[in-house]
Amino acid sequence: MSPKPSSAPRQLSRRRALALGGVGVVAAAGGVAWGSPPATAAPEAGVSVVDAGAARAVVVTADNASATVRHAADELITFVAKSTGVTLPNATLPSGHLPVGLAPIYVGFAGPGSHSALRGAMRRLSDDGFVIAPDIQPASITIQGPTDWGTLNGVYDFLERYLGVAWLMPTTVGEDVPQRAEIRVPPRIVRSAPAFGQRAVSPLLLEPGTGGPYPSQYEWAQRNRLQGNYNRPVEFHHNLHTFFPVATYGDRPDLYANGIVPASGVVVGWQPAFSNPETVDIVVGDILAMLAEDSSLTSVSLGVNDGSFTSYESGRPIPETYYGWVNEVAARVTAVHSDMRFGLLAYHDLEVPPPFELHPSVIPFLTEDRYAWIDPETRQYREDQLLEWSQRATELGTYDYLYGSPYAVPRMYLPLLADVYRTTYDLGVRYHYAELYPNWGEGPKPWVVPRLLWDPNADVSGLVADWCRRAVGDSAAVELAAYYQIWEDVWSNEIAQSPWFIGRRTYQPFDSPSYLAAVAPSTLDQAKALMEDVVATAATATPQQRERARTLASAHEYYDLTARLFPRTVPIPATTAAALELAQATLGDLPTREALVARRTDWLAEAATDPLLVQALDPSRGGLSGLSANNHYPIWTLIQFLRSHEPSGGEVSRWLADHRADHPSFTRIADIIATALDPGANVFTNPGYEEGMEGWESWATTTGEHTISTAETRSGSHSLEAWSVDRGGPIQVLGIGPGILASQFWLKAGPDIGEATIQFAFNLFNSAAQRVGTVRGEALPLKQFVGEWRSLTSVEEFAIPADPRRTVATAQFCPILTGMPDGSSVWFDDAEAYFVPST
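The numbering of the sequence shown is our numbering, which starts it at 41 and goes up by one.
Now the structure itself:
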């Protein structure tokens with residue numbers, strides 16, 4: 041399917057505004073304009089906090105305030121000081137005394153003189169919500185939530201609303217703290233609560249101050265009202281392996297699906313035997329024991345184990361069996377502890393709702409990369425599915441894939457995302473989790489997401505404009521917004537209509553960088569020029585804004601380097617003149633490509649220790665480990681041309697020989713092209729499977745098999761057929777070493793191949809059979825290979841490393857098939873590999 045961009049967002053119902061009788065109330069799902077500075081109040085109005093360089097208020101907490109509330113008070117004092125230069129005094133009650141003449145700011149509790157309407161405003165407020173209640177007679181401000189986390193959220197809203205503070209990115213680089221001579225809070229009560237009661241993104245899940253690899257990012261997430269493992273209300277991840285450890289139940293195969301006991305320590309690729317009533321007894325017993333030990337526990341995950349879904353019990357309908365089992369567990373636990381909630385992951389075979397209602401305490405999280413909603417057909421399918429789920433479950437959650445890294449260009453689709461959040465909210469979703477793995481070069485995206493989760497009706501274009509203005513200043517904001525609009529357009533049009541895009545799939549194939557083929561060089565030029573304009577124009581902005589501009593420019597450098605290095609296909613020349621032009625271009629491009637490779641390598645090394653540029657998902661996860669100065673497409677195209685047009689030599693062959701020494705890298709390219717013209721130089725054993733499986737091994741992780749076939753062949757009388765392979769492929773170990781290796785294999789896919797993919801791959805080993813590296817190519821949709829033989833190619837160079845122990849001795853060829861439907865077939869034939877050692 042080649043999707044077309046979705047039409048304009050639908051008109052959706054709006055939630056009713058709150059009204060509290062007799063009190064002026066700002067009812068906000070995310071504040072009046074969350075993340076925007078307030079309009080300046082009249083000087084005589086409201087409660088004065090700072091005026092004329094002096095403190096007019098004192099921050100007050102209760103004697104028994106929790107660490108979270110004390111932290112909230114500290115944050116309030118810290119950012120008031122950063123904004124005004126004034127440090128507010130603090131006090132505790134009832135043990136302490138309030139300074140005379142200073143208005144108390146009560147944090148986390150109602151103190152003497154708190155607004156009389158506070159109790160009413162707090163009524164029926166959700167856990168993460170808060171009330172900011174200023175009063176004039178006597179002067180006081182109360183910031184309070186139903187929970188400590190609600191209070192902390194209220195403090196951050198206070199700082200944004202009345203001081204104009206924003207945390208645009210992690211670290212002090214991302215702090216935007218307007219300088220103020222005074223702070224005055226208007227006498228209007230603010231009551232705010234999030235639309236989505238669960239708002240968490242990975243990997244920003246640790247509580248600030250508790251360690252972890254991204255401390256400044258955890259702090260950023262909390263300040264932007266995101267939750268983490270420490271305070272999210274519903275557990276839902278893969279968890280059933282914790283109830284059935286092999287160390288305890290290894291002698292009970294009847295407790296495991298199909299009687300297969302997993303290896304000790306293996307937590308993926310298997311499930312319990314849901315049809316065995318004793319598995320319910322075990323889980324219920326364990327949960328009740330956990331509750332006896334920790335009475336504060338309110339949620340336990342009943343999420344299935346990760347991995348293969350062929351690990352369910354054979355011959356039983358998966359949704360009915362599993363969800364019936366879940367209902368039984370939930371019913372028995374809630375009979376004792378009525379407030380318990382059970383989250384789970386509804387994906388793959390479990391994304392279809394059962395034909396019965398779930399227990400009210402069960403909350404399924406539906407997993408999907410909702411960028412796919414850009415395709416109208418996919419969107420309609422998913423909306424219908426959500427509607428069906430809303431008739432089966434009392435509460436719903438969604439699990440999204442918002443990456444971020446490892447994508448190699450900014451993945452911008454915020455207007456669509458806002459529409460998705462509005463739609464899912466209207467369909468009953470109240471809990472949300474996303475794999476964000478932020479790449480801060482995406483600018484406003486990570487900052488806008490928590491605001492949409494708080495209020496899906498927020499103005500996206502206004503938020504993006506606000507972020508750009510704050511980030512780099514008014515003048516440079518226009519160019520920065522235009523820069524991100526370029527990427528919005530690319531993801532909404534070119535990439536959405538490319539072969540890379542897959543509609544009804546749990547997540548888009550982020551491990552395949554072939555979406556870069558849809559990014560035109562002219563787009564890269566335009567984006568680069570805009571980012572250069574941003575940096576130049578920001579030269580007149582504040583020092584902080586100049587630093588942010590430089591940070592964004594550095595992030596863009598990675599995008600630009602990677603996209604320009606991405607190998608692009610070239611057609612086989614039809615004439616000698618065209619072949620000569622291709623050979624000349626290959627030589628001419630080498631210095632530029634080598635410089636790009638060197639700078640990209642340095643950039644990644646620098647970014648690894650930079651708290652803003654570090655990529656939480658290694659770029660190799662995105663299929664980007666094989667980028668090199670050698671674009672394998674023109675090299676193999678020249679080989680094919682010479683085989684067809686100059687089998688005994690000719691003008692192009694002579695040109696390659698004459699210019700072989702013009703560049704060291706071109707020497708190796710010319711040599712590998714010449715070597716590939718000799719069929720006897722092929723280092724594969726039994727490349728066409730004419731000798732059966734001699735030299736080959738079969739790899740299939742869970743389902744499927746490889747057999748010799750005579751039904752489909754490209755040459756000779758045999759090929760290798762892969763049948764129903766969930767993940768796997770044919771394997772052969774090639775004896776090589778430092779040098780250059782050019783490889784090609786041919787394949788053909790049968791019909792009904794679905795969304796399966798094929799990826800070129802090598803695992804590299806030293807002489808001691810220790811793995812020293814991996815090369816991955818693009819993961820290409822097999823639908824491109826249906827009905828015709830097509831090749832996958834590779835050209836890799838293995839240098840002599842500084843550490844001799846990392847010297848490559850062998851390359852394990854293992855093209856990776858992923859996700860073949862049951863009953864589908866793929867055929868392999870005519871594998872080629874040519875090697876020229878380093879000299």
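Positions of the beta carbon are idealized from the N, C-alpha and C atoms, including for glycine.
Boundaries of the alpha helix (DSSP H) harbouring Gly502: 500-512, taken from the DSSP string. Under the three-state reduction of DSSP, Tyr447 is assigned to coil, being neither helix nor strand. Going by beta carbons, Tyr461 and Ile414 fall outside the 8 Å limit. Contact check for Ile117 against Asn104 fails: the beta carbons are separated by 8 Å or more. Excluding residues up to 5 positions away in sequence, Gly817, Leu832, Ser834, Pro855 lie with their Cβ nearer than 7 Å to the Cβ of Phe800 in the same chain. Its chain contains Leu342, Phe382, Leu384, Leu398, His399, Val402 as the residues whose beta carbon lies nearer than 8 Å to that of Val366, once the 5 sequence neighbours on both sides are disregarded; these appear in chain order. Cβ-Cβ distances below 6 Å link Arg633 to Ala669 in the same chain, with the five nearest sequence neighbours on each side left out; the list follows chain order. Going by C-alpha positions, Pro490 is about 12 Å away from Leu208.
Rounded to the nearest whole angstrom, the C-alpha separation of Asn803 and Leu503 is 45 Å. Apart from the 5 residues on each side of it in sequence, Val848 sits with its Cβ closer than 6 Å to the Cβ of Leu804, Phe838 in its chain, given in chain order. Partner residues in the beta bridge of Lys788, as assigned by DSSP, are Trp867. Of the residues Phe119, Thr108, Glu333, the one whose Cα lies closest to the Cα of Gly249 is Thr108. Per DSSP, Phe706 is not a residue of any beta strand (DSSP E); the alpha helix (DSSP H) it occupies stretches across 704-716. Counting only runs of 4+ residues, the alpha helix (DSSP H) found wholly inside the region 458-507 occupies 484-494, in chain order. Counting along the chain, Thr814 sits inside the beta strand (DSSP E) bounded by residues 811-821.
For Leu192, the enclosing alpha helix (DSSP H) starts and ends at 188-198.
A direct Cα-Cα distance of roughly 6 Å separates Ala567 from Tyr523. Counting C-beta pairs closer than 8 Å gives three or more between the region 172-181 and the region 145-162, which meets the contact rule. DSSP, reduced to helix, strand and coil, places Tyr289 within a helical segment of the structure shown. Residue range 759-763 is occupied by the beta strand (DSSP E) that includes Trp763. When secondary structure is reduced to three states using DSSP, Gly252 falls in the coil class, being assigned neither helix nor strand.
Under the DSSP definition of a beta bridge, Ala206 partners with Asp216.
The residues Ser106, Thr108, Val109, in chain order, have a CB closer than 6 Å to that of Asp188 in the same chain once the five nearest residues on each side in sequence are set aside. The way I'd put it, the region 679-686 does touch the region 609-626; three or more beta-carbon pairs between them come closer than 8 Å.
Counting only residues of its own chain and dropping the five nearest sequence neighbours on each side, Arg846 has a CB closer than 6 Å to the CB of Val812. Contact between Gly663 and Asp551 holds: CB atoms are separated by about 5 Å, below the 8 Å threshold. For His377, the three-state secondary structure derived from DSSP is coil. The Cβ atoms of Phe868 and Leu774 lie no closer than 8 Å to each other.
A residue is called buried when at least 16 other Cβ atoms come within 10 angstroms of its Cβ; Asp843 does not meet this threshold and is exposed. For the options Ala578, Gly827, Thr582, the alpha carbon positioned closest to that of Ala593 is the one of Ala578. For Phe170, the enclosing beta strand (DSSP E) has its first and last residue at 170-175. Counting along the chain, the unbroken alpha helix (DSSP H) around Ala121 starts and ends at 107-124.
When C-alpha distances from Ser315 are compared across Leu295, Tyr673, Ala303, Val306, the shortest belongs to Leu295. With 16 or more other Cβ atoms from the protein chains shown falling within 10 Å of its own Cβ, Leu476 counts as buried. Here DSSP, grouped into helix, strand and coil, assigns Ser135 to coil. Beta-bridge pairing by DSSP links Gly383 to Ser341, Ile403.
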